[in-house]
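Participant: Numbering (my numbering), first residue to last: 3 to 114.
Backbone N, C-alpha and C define an ideal beta-carbon position, used for all residues, glycine too.
Note that the coordinates shown come from a computational prediction; the quantities given were computed from them, not determined experimentally.
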Amino acid sequence: PKRSVAYLHENVFRFIMPSFEHAVNMYENEVRYFGWLARLLVSINVVVNALLVLAISYSVLRALQVSIQNVQYKLVSCSLAMTLPRRVVRKLYRHYNDVERDMNAMLDEEKA
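As structure tokens, then:
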């Protein structure tokens, strides 16, 4: 009886094990493909977000460049300058400083 039970046990596993191995391989492949898909989706999401940030930044800076010339009031200019990053403030300062120097030079030429 022990021999026949062992033989039966080995034969049952001989026919079932390949099916289990095949199912495990299929599952591993699906997990691998899912991981690849997740990496691909994250990469696409990062690229799309980066492009959107660049597009929005470009449009904001273009609008700022156009509208800053129309700003007439010192309070609005000062408030805007206080909220901008330091690099942008430096560029604005240089621009208005150059404009002021040019205006002073023109006034000096007119007086002379």
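#1: What number of angstroms, rounded off, separates the C-alpha of Arg103 from the C-alpha of Arg96?
#2: Could you compute how far the alpha carbon of Val7 sits from the alpha carbon of Val48?
#3: Could you work out which residue in Val91, Leu39, Glu112 and Asn51 is closest to Gln67 when comparing CA atoms only?
#4: So the alpha helix (DSSP H) Leu109 belongs to, where does it begin and stop?
#5: Please report the distance separating the alpha-carbon of Lys93 from that of Trp38.
#6: Given this structure, state the Cα-to-Cα distance separating Tyr98 from Leu42, to the nearest angstrom.
#7: What does the alpha-carbon distance come out to for the pair Ala83 and Asn31?
#8: Measure the C-alpha to C-alpha separation of Met105 and Thr85 and round it to an integer number of angstroms.
Facilitator: To lay it out plainly:
#1: Position 101 of the sequence shown, counting from 1, holds the residue named residue 103. Position 94 of the sequence shown, counting from 1, holds the residue named residue 96. If you take the alpha carbons of Arg103 and Arg96, they lie about 10 Å apart.
#2: Position 5 of the sequence shown holds residue 7. Position 46 of the sequence shown holds residue 48. Answer to the nearest angstrom: the Cα atoms are 59 Å apart.
#3: As a working mapping, residue 67 is identified with position 65 in the sequence shown. When each option's Cα is compared against that of Gln67, the closest is Val91.
#4: Here residue 109 refers to the residue found at position 107 of the sequence shown. From DSSP, the alpha helix (DSSP H) with Leu109 extends over Arg88 to Lys113.
#5: Taking the first residue of the sequence shown as position 1, residue 93 is located at position 91. Taking the first residue of the sequence shown as position 1, residue 38 is located at position 36. Rounded to the nearest angstrom, the two C-alpha atoms are 45 Å apart.
#6: Sequence index remark: in the sequence shown, residue 98 carries index 96 (1-based). Sequence index remark: in the sequence shown, residue 42 carries index 40 (1-based). Cα-Cα distance, rounded: 47 Å.
#7: Numbered from its first residue, the sequence shown carries residue 83 at position 81. Numbered from its first residue, the sequence shown carries residue 31 at position 29. In this model, Ala83 and Asn31 are separated by some 56 Å (Cα to Cα).
#8: The residue given as residue 105 occupies position 103 in the sequence shown. The residue given as residue 85 occupies position 83 in the sequence shown. Answer to the nearest angstrom: the Cα atoms are 27 Å apart.
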